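Take a look at the structure set out below.
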């Protein structure tokens, strides 16, 4: 046993000890600062405040309210950056050939049946994180990355061919991604385009009604706060992130040499 | 003996950040790129622990799938397409 | 303080037995001769050392009635986590062992009986 192993074992056991002390003593509690700065205090007071209708966003999760309502334009451009980076992947790997017809080999039967059980659960958890983004910690990006784990699991345990037979191809994912981005842009423009013909004040990226504009997104569904456009933005962001990252993973998994040999054989046969 | 409980999460934060630096050192020293990828994953777990202790659950929800799920897969694919051992 | 004695004793017993399994698995990782036997010992640590204590935590939180109705969240979280570890840990160990077998990456030195002898992939490296 050399010195590295001893250092690793000591540090890991000390970490476990410190974590259990933290959890048992205070339950991760006291790290929250007691005093808030004025900006933070105003966000906390206004993010869910039905009595102050001109400043609220009806979102119980303050982080999501800031990300998609108070600072919505920043997040819109972040989404565009993700979109452009996936497009850059496509530019680097251009000229790929996507053929189905290779056999499904995959891992053993045990791994396959467990993946069949686990992968839908992961996707459901991702969707729940996305569409509850205004109520609990989470949001569109978080839910999308959680759901991408299920897609990569299916690619690794079954094979890429399984996804093709289920109807998931890179061109369809690309289409889904573009539709999601289009939906986000249309949602951000919707209130302005409703207000403009009837000569009512409305703003781009507007969520709730303001002092000088009466138009508003739906704020409450039955008795659950819906937070208007934040719900829609989270849903569409989930679609963009899921399809974009699955697209990148599928592009990197393509077995180029085998596909090339199949293509050459088909050309010779013709 | 009265322990000041307010100080313990800060101690854990300092400790896990030091440990993640140690993991990064191991990643740089490692010649086998597969093992280096797995050590990178460990470092990602420590980072998500840091985010949890700093009360940022949204970042934890992003960082765990990215650092444990997506990044190791991409790195494994790169190792498979190039070489396993660093020269 | 209101405490149900039976679930509390059962839960504490489960946690203690789980700690015993953890110690056994740690000794096994250090002492066993072979990759496959060490994977077996890791699985003992995962099942006996995390599933049993999680069920024990659920029982303890049922017993402590002073915690109020919030304790049922703890019960549900522990039991769901236990079920997930129960499904996933053996699968991970299985795929690790299978990959090591088929890629000939681990020595099979103390070998008594090989049920996978006739399999196509792992046969080449004997």
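Chains as they are written, first to last, in my numbering: chain Y, 26 to 295; chain A, 6 to 92; chain V, 107 to 232.
No residue lacks a Cβ here, since even glycine has one placed at the ideal position from N, Cα and C.
Small disclaimer: the values here were computed from a predicted structure and weren't measured.
Can you find a CB in chain Y that lies within less than 8 Å of the CB of residue i?
i             : result
residue 30/A  : no
residue 26/A  : no
residue 102/V : There is no way to answer for residue 102/V, as the model of chain V reaches only from 107 to 232.
residue 21/A  : yes
residue 75/A  : yes
residue 197/V : yes
residue 55/A  : no
residue 80/A  : no
residue 185/V : no
residue 67/A  : yes
residue 191/V : no
residue 84/A  : no
Straight-line CA distance for residue i to residue j?
i             : j             : result
residue 193/Y : residue 268/Y : 10 Å
residue 224/Y : residue 99/Y  : 28 Å
residue 160/V : residue 64/A  : 26 Å
residue 150/Y : residue 92/A  : 42 Å
residue 60/A  : residue 88/Y  : 12 Å
residue 276/Y : residue 114/Y : 8 Å
residue 33/Y  : residue 203/V : 24 Å
residue 102/Y : residue 84/Y  : 21 Å
residue 162/V : residue 118/V : 6 Å
residue 111/V : residue 164/V : 14 Å
residue 57/A  : residue 76/A  : 20 Å
residue 190/Y : residue 183/Y : 11 Å
residue 180/Y : residue 155/Y : 23 Å
residue 210/Y : residue 196/V : 46 Å
residue 239/Y : residue 227/Y : 8 Å
residue 211/V : residue 20/A  : 36 Å
residue 52/A  : residue 14/A  : 14 Å
residue 40/Y  : residue 120/Y : 49 Å
residue 140/Y : residue 107/Y : 28 Å
residue 152/Y : residue 189/V : 21 Å
residue 27/Y  : residue 136/V : 14 Å
residue 177/Y : residue 166/V : 38 Å
residue 44/Y  : residue 241/Y : 46 Å
residue 168/V : residue 54/A  : 28 Å
residue 50/A  : residue 38/Y  : 16 Å
residue 130/Y : residue 74/Y  : 56 Å
residue 199/V : residue 207/V : 12 Å
residue 257/Y : residue 188/Y : 28 Å
residue 235/Y : residue 86/Y  : 20 Å
residue 197/Y : residue 147/Y : 22 Å
Can you determine whether any heavy atom of the ligand ATP sits closer than 7 Å to the C-beta of residue i, and answer yes or no?
i             : result
residue 248/Y : This structure lacks the ligand ATP, and indeed carries no ligand of any kind.
So, is the C-beta of residue i closer than 8 Å to a C-beta in chain A?
i             : result
residue 82/Y  : no
residue 163/Y : yes
residue 36/Y  : yes
residue 279/Y : no
residue 270/Y : yes
residue 179/Y : no
residue 90/Y  : no
residue 166/Y : yes
residue 171/Y : yes
residue 69/Y  : no
residue 43/Y  : yes
residue 252/Y : no
residue 193/Y : no
residue 61/Y  : no
residue 46/Y  : yes
8 Å is my cut-off, CB to CB: does residue i come that close to chain V?
i             : result
residue 218/Y : no
Original post:
Pairing CB atoms from the stretch 168-177 of chain V with CB atoms from the stretch 198-215 of chain V, are three or more of them under 8 Å?
Top reply: no
Original post:
Which of the residues in the stretch 200-213 of chain V, read from start to end, lie with their CB under 7 Å from any CB of chain Y?
Top reply: So the list reads 200, 201 and 204, given in the order they occur along the chain.
Subject >> Contact the stretch 168-184 of chain Y vs the stretch 59-78 of chain A: 3+ CB pairs below 8 Å >> reply: yes
**OP:** Only counting runs of 4 or more residues, tell me where the alpha helix (DSSP H) segments fall wholly within the stretch 11-71 of chain A, in order along the chain.
**Re:** 13-34, 38-58 and 62-69
Original post:
For the 8 Å Cβ check, are there 3 or more pairs between the stretch 246-264 of chain Y and the stretch 82-101 of chain Y?
Top reply: yes
Original post:
Going along the chain, which unbroken runs of the alpha helix (DSSP H) with 4 or more residues stay wholly within the stretch 133-172 of chain V?
Top reply: Complete alpha helix (DSSP H) runs here, min 4: 141-152 and 158-169.
Subject >> Members of the stretch 129-158 of chain V that neighbour chain Y once the beta carbon cut-off is set at 7 Å >> reply: none
Subject >> the stretch 115-128 of chain V: positions lying closer than 7 Å to chain Y by Cβ >> reply: Cβ contacts with chain Y: none found.
Original post:
Any residues in the stretch 31-51 of chain A with a beta carbon nearer than 9 Å to a beta carbon of chain Y? Which ones, in chain order?
Top reply: 31 and 51
Original post:
In chain order, which alpha helix (DSSP H) runs of at least 4 residues are fully inside the stretch 197-283 of chain Y?
Top reply: 254-278
**OP:** Pull out every residue of the stretch 100-117 of chain Y whose Cβ sits closer than 7 Å to any Cβ of chain A, in chain order.
**Re:** Correct list: empty, as no residue qualifies.
Subject >> Three or more C-beta pairs below 8 Å linking the stretch 199-206 of chain Y and the stretch 114-134 of chain V >> reply: Result no; under three Cβ-Cβ pairs closer than 8 Å.
Original post:
With a cut-off of 8 Å, do at least 3 Cβ pairs link the stretch 125-139 of chain V to the stretch 147-160 of chain V?
Top reply: yes
Subject >> Residues in the stretch 121-151 of chain Y having any Cβ partner in chain V nearer than 8 Å >> reply: 132, 133, 135, 136, 139, 142 and 143
**OP:** Please go through the stretch 97-175 of chain Y and give each complete alpha helix (DSSP H) segment of 4 or more residues, from N-terminal end onward.
**Re:** 97-117 and 134-156
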